[in-house]
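Protein chains in written order, with the numbering used here: chain A, 1 to 536; chain B, 537 to 1072. C-beta: ideal position from N, C-alpha, C; glycine also. It should be emphasised that the depicted structure is a prediction, and the values quoted were computed from it without experimental measurement. Note sheet for the following structure.
Protein chains: 2
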Amino acid sequence: MLLYRYIAWRMLLPLPPGLSGPIFDSACKELRGVVGDDWVLTTDDRLASYADPYSPGVADEYAPSGAILPTSVEEIRSVLGIANRYGLPLWTVSLGRNYAYGGAAPCLKGSMILDLNRMRAIKVDAELAYAVVEPGVTYLDLYKFVQDNKYPLWIDCPDPGWGSVLGNTLEHGIGYTPYGDHAGHQCGMEVVLADGQVVRTGLGAMDGNPAWPLYKSSFGPSLDGLFMQSNFGVVSKIGVWLMPEPQTFSVVEMMFRREEDIAPMIDVLRVLRLDGTVPTATIANWMRIAAGNTTRAEWYDGKGALPHEAVERVIKGMGIGYWGMRFGLYGREKILARKREAVEEAFSRIDGVEMTVATYVRGEKVAPEHGTLAGIPSVDLMPLNWLGGAGAHIECPLVVPMRGAEFHDLYQRRTELFNNEGFDHYCGLTSTTPRSFINTGSIIFDHNNAEQCARARALGRTLIEDAHKRHLAGYRAHISEMDFVAAQFDFNDHAALRTYERLKDALDPGGVLSPGKQGIWPKALREAKDSGGRKP
Amino acid sequence: MLLYRYIAWRMLLPLPPGLSGPIFDSACKELRGVVGDDWVLTTDDRLASYADPYSPGVADEYAPSGAILPTSVEEIRSVLGIANRYGLPLWTVSLGRNYAYGGAAPCLKGSMILDLNRMRAIKVDAELAYAVVEPGVTYLDLYKFVQDNKYPLWIDCPDPGWGSVLGNTLEHGIGYTPYGDHAGHQCGMEVVLADGQVVRTGLGAMDGNPAWPLYKSSFGPSLDGLFMQSNFGVVSKIGVWLMPEPQTFSVVEMMFRREEDIAPMIDVLRVLRLDGTVPTATIANWMRIAAGNTTRAEWYDGKGALPHEAVERVIKGMGIGYWGMRFGLYGREKILARKREAVEEAFSRIDGVEMTVATYVRGEKVAPEHGTLAGIPSVDLMPLNWLGGAGAHIECPLVVPMRGAEFHDLYQRRTELFNNEGFDHYCGLTSTTPRSFINTGSIIFDHNNAEQCARARALGRTLIEDAHKRHLAGYRAHISEMDFVAAQFDFNDHAALRTYERLKDALDPGGVLSPGKQGIWPKALREAKDSGGRKP
């Protein structure tokens, strides 16, 4: 019976590196003792949901050996004790909805997924406008909790809202309200270190301190940043600031005709962002708008990227601009009226701009298309039907300065690179902070099409390499590109990565937590790599 | 000649712990080789400026052995190499103007001051509104640089402006404009680790990345928080966001009659802070106002704290309220007019409030008393003449939630504690973040009066202990109280401090950097303490 399982496994699922079947089985038996039989998953059917749904043809290289789902900090501590004794690598996910970056799949094949989705506690303080959430709380959960309790608060959510609030925040995720910089609006964190120590950051380092979710710093250093986009601990709880429901809310949407309008658009926006008139903004090129509503086949049937005249046809046919921009304005109606005037005046300098404004007063129903600007999570996934087939995307987002001409130049270059690989350039810019954009460049492809997968991967690499020539950096990366992106951070012979490695060794000497995440590998695997071993 | 110097030294100055006179001399000789003879100070007269000017009678216990003033990152690296070889503890200061918290004096007697005041480079980007500064740049320097270059930008400064921008930011210092949370407006950091490695945080980890001072996070963990209020590295450069000069600027000042008004004041302010109407605010009690302009002797000649009727006399005599509140409003005049209305309407609910508003348009000269609200640094030190003599103060600031009744209760308790030790309660509240206050409670005393020093120290302890009973924490502390405050952070048997110690050992294994800062001691000194040794 056991033998059969091993045979079935080896065909379907990898073992953790360095662990034999029987040893892994023994580890799983101990893990079952902690969380119960139902919550250690080692069969193919129960692990299916952990595969990267948008993998560009490399899913097998990132398959987990199993998954374990603890339900409390105490259980996490016990799991870590077992993992350290066996040398079992764990890949921590809150919910694993990190789509386009690998989903729930681990960097190191054969890692066991430490899935925290059963931890779902929510606490909200309506007066001081914050929530404390566990990893399993989705944006939909938090929204519902606030609504059910009739708290006069708004949440901020990405699209779609099915992901983990905590997970998204740790990954530097973004949304569309003034609270859209999720890491910037996190305050207070509880972390289980690899040795089972439970640490609370900031003022939470004092038992019962009521200001823990209110004030970010503390007496002494601030640790929160250490546990974001890293593998230094298992975050079991965070505080998240919430926005008081505004009296009025306006959605400003604009279309701009020409590609070159992007330069003045950015320069005008920068001034309004810096002086506080506009609290955040998103810009999309024609392709991002077109791919959301149509398919490529509707516009063009030739090979490769759409030629100029087809792009013109899309713009004309859909009645859109080359660029769209939108943002919300929030607050007292009297103030908002003045802000709308200022916005109108500033952007009217750009020839041909078309602006529409929708204004809602408190309590009014918000149109679905304006939902995320009001922190209303949707269940819709990003439309990925542009090329048909099994639509998928990978992301190679950059952080770029908010300077018009500089970005226009980068845009043209990236269009060339997308087109060279036969893809249309899908471009988004989100200004969650007033001096920079997150510049997404989604590569949409059919993940059942091997040729498209190969081209998507090649384009991803090229985009990262080309950005590096301009000294621009990725802000997140697909698991298969984490080492590659990490290697671009070259100041002083990769001093930052070497420092992360030092911290990794100090905080997780057994190297069990999410090996390889963001290019950070534990000592043993670094050494294996240096002698030509497993690490990519 | 040498012998004479040793004898003179031992009378005046301590040696670094564990180093003999000749060994220290040899270290100093090597250090002179790095920075030149003039920049290694080991004589009493040249070290005088490093003594804690407000020490409550304990200056001898915190005397340095010397000071070294490097002028570049390369020199810092060489100094660290020598310090590690000799086991020479270095106490890093930018300028050492950390008055009321120890000035430039070290926690560990006999440490050598690593004084970075000769590093004074400033770079400003007017378009993207940021500065990059080295440790020796004061607020006055930065202000002058911006003015001289006619950049349309405002800085944010504490009062007074002679301190280091970098130093104040690392200590979580605050100012009075919307950029008053200095740590919150820092972006990008260069750090020299104890082993001489130069690390750039955030996007600076990529050589030449233009978004380094624009976007706080990066690919991977964020290290900046590690190097604030800590001793994990020597920060040699930071990015600081600057505010675009507003079109209009209003100063709102209010007086409130009764002690109990503080509860509604806070509750009203919280709503206006959270909805973005008011960008920051400062509250002062009668004593903070009175001590700024008069002396105790003018009002009362009895012993101990002022009795109720004398407080009433002060309030009436000065024409002030029991409480004063003030803040700036910044932006387009049309928007400001609406904000002023909202503020007036909200606070008019509190009986007896008196409000005055001064409005400046761009370019108008700002009255000196409104300077810090416009980011204009002053050279005035805090008035400390309340009790006469050699006026000094120590600070035991807390972070408190922004809840009216809760704070009123705390205020009454702290008044009792101040009065029990014979001091008048000097209370300030600054809301640099919308959910919490920094609550300063300055203990003003004559530092030439041993009896007052003893009472000031006793009161400091009592305030910290009493706050802990309410689970409230200090946010900074005098060097003589750093261990005591650190010990209050008791969650999970001081898990945070134990984590800081782990990181300290990983990043500074030789333990040469600022031993004892914020209660963080290197391994050897922790062990000495455990066996009854030097550490307090």
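Query	Result
Which residue wins for smallest C-alpha separation from residue 527 of chain A, given the options A:462, A:511, A:466?	A:511
Could you please give the first and the last residue of the uninterrupted alpha helix (DSSP H) stretch that includes residue 143 of chain A?	139-148
According to the Cβ coordinates, are residue 937 of chain B and residue 210 of chain A closer than 8 Å?	yes
Compute the Euclidean distance between the alpha carbons of residue 654 of chain B and residue 347 of chain A, then round it to the nearest angstrom.	46 Å
Tell me whether residue 556 of chain B is buried or exposed, calling it buried when 16 or more other Cβ atoms sit within 10 Å of its Cβ.	exposed
Less than 7 Å between C-beta atoms, sequence neighbours within five positions excluded: which residues of the same chain meet that for residue 1066 of chain B?	none
Answer with buried or exposed for residue 699 of chain B, where buried requires no fewer than 16 other C-beta atoms within 10 angstroms of its C-beta.	buried
Tell me whether residue 516 of chain A sits in a helix, a strand or coil according to DSSP, three-state version.	coil
Since residue 241 of chain A sits in a beta bridge, which residues does DSSP pair it with?	A:130
Helix, strand or coil, according to DSSP, for residue 360 of chain A in the structure here?	strand
Buried or exposed: where does residue 56 of chain A fall if 16 or more other Cβ atoms within 10 Å of its Cβ makes it buried?	buried
Kindly list, in the order they appear in chain B, the residues whose Cβ is closer than 7 Å to that of residue 512 of chain A.	Simply none; closest approach about 17 Å.
Please confirm whether residue 16 of chain A has its beta-carbon closer than 8 Å to some beta-carbon of chain B.	no
Would the beta-carbon of residue 604 of chain B fall within 8 Å of that of residue 651 of chain B?	yes
Which whole-angstrom value describes the C-beta separation of residue 723 of chain B and residue 666 of chain B, a residue pair presumed to lie in contact below a C-beta threshold of 8 Å?	7 Å
Below 8 Å on the Cβ atoms is my guess for residue 59 of chain A versus residue 51 of chain A; work out the distance and round it to an integer in Å.	5 Å
Cα separation between residue 600 of chain B and residue 559 of chain B?	16 Å
Name the DSSP beta bridge partners of residue 817 of chain B, please?	B:967
Are the Cβ atoms of residue 958 of chain B and residue 841 of chain B separated by less than 8 Å?	yes
Considering only residues of the same chain and omitting the five flanking positions on each side of residue 470 of chain A, which have a CB-CB separation below 8 Å?	410
Pick from B:972, B:969, B:920: whose alpha carbon is nearest that of residue 962 of chain B?	B:920
Could you list the residues in the stretch 848-876 of chain B with a C-beta less than 7 Å from some C-beta on chain A, going in chain order?	867, 868, 870, 871, 874, 875
Return the CA-CA distance between residue 182 of chain A and residue 135 of chain A, expressed in angstroms with no decimal places.	14 Å
Got a sec: is the Cβ-Cβ distance from residue 485 of chain A to anything in chain B below 8 Å?	yes
On a Cα-Cα basis, can you pick out the residue from A:315, A:374, A:219, A:197 that is closest to residue 251 of chain A?	A:374
In or out: residue 683 of chain B buried (at least 16 other Cβ within 10 Å) or exposed?	exposed
What residues of chain A sit near residue 708 of chain B, judged by a beta carbon separation below 8 Å?	217
Could you pull the DSSP bridge partners for residue 397 of chain A from this structure?	Note: residue 397 of chain A sits in no beta bridge, so no partner.
Below 8 Å between beta carbons is the criterion; list the residues of the stretch 77-99 of chain A that meet it against any residue of chain B, in chain order.	none
Using a Cβ-Cβ cut-off of less than 8 Å, list which residues of the stretch 271-283 of chain A approach chain B; keep chain order.	271, 274, 275, 276, 277
Starting from residue 770 of chain B, find everything on chain A with Cβ-Cβ shorter than 7 Å and list it in chain order.	Those within 7 Å of residue 770 of chain B in chain A number zero; the least Cβ separation is about 14 Å.
Classify residue 93 of chain A as buried or exposed, calling it buried when 16 or more other Cβ atoms lie within 10 Å of its own Cβ.	buried
Our contact map puts residue 320 of chain A next to residue 299 of chain A with C-beta atoms below 8 Å; I'd like the distance itself, whole angstroms only.	Contact flag wrong, Cβ pair sits at about 12 Å.
Could you tell me whether any Cβ in chain B is nearer than 8 Å to the Cβ of residue 393 of chain A?	no
Suppose you measure from the CA of residue 675 of chain B to the CA of residue 649 of chain B; what does that come to, to the nearest Å?	22 Å
Nearest-angstrom Cα distance between residue 838 of chain B and residue 794 of chain B?	24 Å
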